[in-house]
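A short write-up of the structure that comes next.
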Amino acid sequence: IISFLAAFLSLPLLRSLAVRLNILDFPGKRKMHKIATPLLGGAALYIGLIAGLFFNTSNVLLFLPVISGATLVFILGMINDLTPLSARFRFLWQFLIALIVVHMGVHVDFVPKCYWKDILEALITAVWFVGITNAYNYLDGLDGLAAGSAAINLLCFSAILYLTGQYSLGLLAISLIASCVAFLPYNFQKRKMFLGEAGSTFLGFILAGIGLVGNWAGDSVVKLSIPIVVLGVPIFDMVFTTVMRIKEGKVRNLIEWLQYGGKDHFHHYLVDLGLNPVGSVLFIYCVTLSLGISAIVISNGAAMEGLLGIVQASIILGMIGILIVVGKKRRNRAG
């Protein structure tokens with residue numbers, strides 16, 4: 007309740023501040039909106055989360071590495087919203103922030119014992135953080151998509167955390183759900199706001215962190231499977247978009263991939279195929295929820311169930327990808 011109220015009540019003030027200081031997202035060829043729209047919606051999410059945790063400081067101490075890293079990513083995103091930074095610069099700092107969080111003790115722990123174990127785990131963890139952070143930034147392309155999808159992801163994580171008695175991490179997730187729900191009306195109404203990069207990357211980093219620090223299952227395969235399945239949609243969007251860009255010759259290296267921006271993400275394809283923006287968002291909500299339910303089901307399973315959960319998610323998203331590609335080809339031929 008505190009998180010919801012803090013975020014909801016701060017939004018009108020943040021919107022006025024964004025308009026006064028000209029912190030706006032202007033229309034462009036690669037964007038869906040038609041009028042300049044205030045940013046700083048991500049600041050409301052941050053305010054809501056911190057306000058909720060303020061009344062339970064033990065949670066802050068327990069998850070200080072993730073909260074600290076998310077704060078640094080939020081600040082980096084806020085700077086970019088004020089004064090656009092190069093993609094290379096943002097990527098470098100996101101990677102460094104991820105390594106700081108690794109140094110504070112948050113990392114994967116499945117690499118077999120070997121000389122390179124610590125380095126490999128640090129690199130895998132950093133790639134996970136940076137990948138999910140940017141995947142959520144890319145997902146933020148339609149009204150309500152990033153915040154609503156994050157709320158569903160967090161709800162599924164919360165269900166598993168509740169069932170396994172991890173109430174402290176569950177409270178962190180629920181506080182962020184409340185902030186997302188408070189923001190959504192402002193993302194849909196006529197006098198709307200956007201999350202900005204500060205908000206979308208903050209959400210991505212927090213979700214990546216929850217996926218790492220949660221004790222999802224006793225079996226190591228299931229423990230790895232659950233975050234991947236829950237966050238299947240943003241992962242799919244990043245992988246699918248990357249494959250299509252390479253196939254179409256739009257990018258040839260990492261730097262071009264970081265710098266490229268276009269209306270060629272999962273949600274853009276759904277709109278191009280005939281769904282209206284709201285219908286596209288609801289479609290992605292449904293896919294996100296279905297994957298989350300699968301993760302909840304396999305949370306008490308063994309290694310085989312974990313693998314089957316990933317296979318099932320891959321089949322669902324793969325079929326969607328095939329339908330998108332076929333639909334795009336037919337639409338191009340018709341055009």
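If you read the sequence shown in my numbering, its first letter stands for residue 7, the second for the next number, and so on. For each residue, glycine too, the CB sits at the ideal point set by N, CA and C. Bear in mind that the values here come from a model prediction, so they are computed numbers and not experimental data.
Fill in: Beta-bridge pairing of P44 - partner residues as DSSP gives them
Paired residues: L30.
Worksheet item: Distance, Cα to Cα, I304 vs A223?
Response: When only Cα atoms are considered, I304 and A223 end up about 9 Å apart.
Practice prompt. Please name the residue, chosen from N259, L55, G312 and G315, that lies closest to R94 on a Cα-to-Cα basis.
Written response: The shortest CA-to-CA distance from R94 to any of N259, L55, G312 and G315 is the one to N259.
Worksheet entry | Span separating the alpha-carbon of V25 from that of L82 | Those two C-alpha atoms are separated by around 21 Å.
Discussion item. In chain order, what are the residue ranges of uninterrupted alpha helix (DSSP H) at least 4 long that sit wholly in the stretch 210–288?
Written reply: Listed in chain order, the complete alpha helix (DSSP H) runs (minimum 4 residues) inside the stretch 210–288 are 226–236, 238–253, 260–265 and 272–278.
Item to complete: Drop a sphere of 10 angstroms on the beta-carbon of F194, count the other beta-carbons inside from all chains shown, and report buried for 16 or more, exposed for fewer.
Response: Exposed, because fewer than 16 other Cβ atoms sit within 10 Å of the Cβ of F194.
Worksheet item: Mind pulling the alpha helix (DSSP H) runs of 4 or more residues that sit fully within the stretch 111–187?
Response: Restricted to the stretch 111–187, the alpha helix (DSSP H) segments that are unbroken, complete and at least 4 residues in length are 123–145 and 151–169, listed in chain order.
Item to complete: Report the residue from L329, V287, I290 and K334 whose alpha carbon sits nearest the alpha carbon of D278.
Response: Comparing Cα positions, the closest option is K334.
Worksheet entry | Neighbourhood of L88 by C-beta, 6 Å cutoff - its chain only, sequence neighbours within 5 removed | Short of 6 Å from the beta carbon of L88, and not among the five residues preceding or following it, lies no beta carbon of its own chain.
Item to complete: With a cut-off of 8 Å on the beta carbons, I'd call A301 and I166 a contact; round off their distance for me.
Response: I166 and A301 do touch by the CB rule: their CB atoms are close to 7 Å apart, below 8 Å.
Item to complete: Decide if S164 is buried, meaning its Cβ has at least 16 other Cβ atoms within 10 Å, or exposed.
Response: Burial call: buried.
Discussion item. Give me, in chain order, the residues of the same chain whose beta-carbon lies closer than 6 Å to that of L2; leave out the 5 immediate sequence neighbours on both sides.
Written reply: Because the chain is modelled from 7 through 341, residue 2 falls outside the range shown and cannot be assessed.
Worksheet item: Would A319 pass as a contact of L297 if the rule is Cβ separation under 7 Å?
Response: Yes; because the gap between Cβ atoms is below 7 Å, this pair is in contact.
Discussion item. Only counting the same chain, and skipping five residues up and downstream in sequence, which positions put a Cβ closer than 8 Å to that of F10?
Written reply: So the list reads G54, A184, S185, V187 and A188, once near-sequence residues are dropped.
Discussion item. According to DSSP, simplified to helix, strand and coil, what is M199?
Written reply: Coil.
Worksheet item: Just the Cα atoms here: how many angstroms apart are T247 and F272?
Response: Their backbone Cα atoms lie some 7 Å apart in a straight line.
Discussion item. Below 8 Å, how does it come out for the stretch 127–146 and the stretch 205–221: are there three or more Cβ pairs, yes or no?
Written reply: Touching, per the Cβ criterion.
Practice prompt. Assuming G75 and A49 form a contact by the criterion Cβ under 8 Å, report the distance between their Cβ atoms to the nearest whole angstrom.
Written response: The Cβ separation is near 17 Å, so there is no contact.
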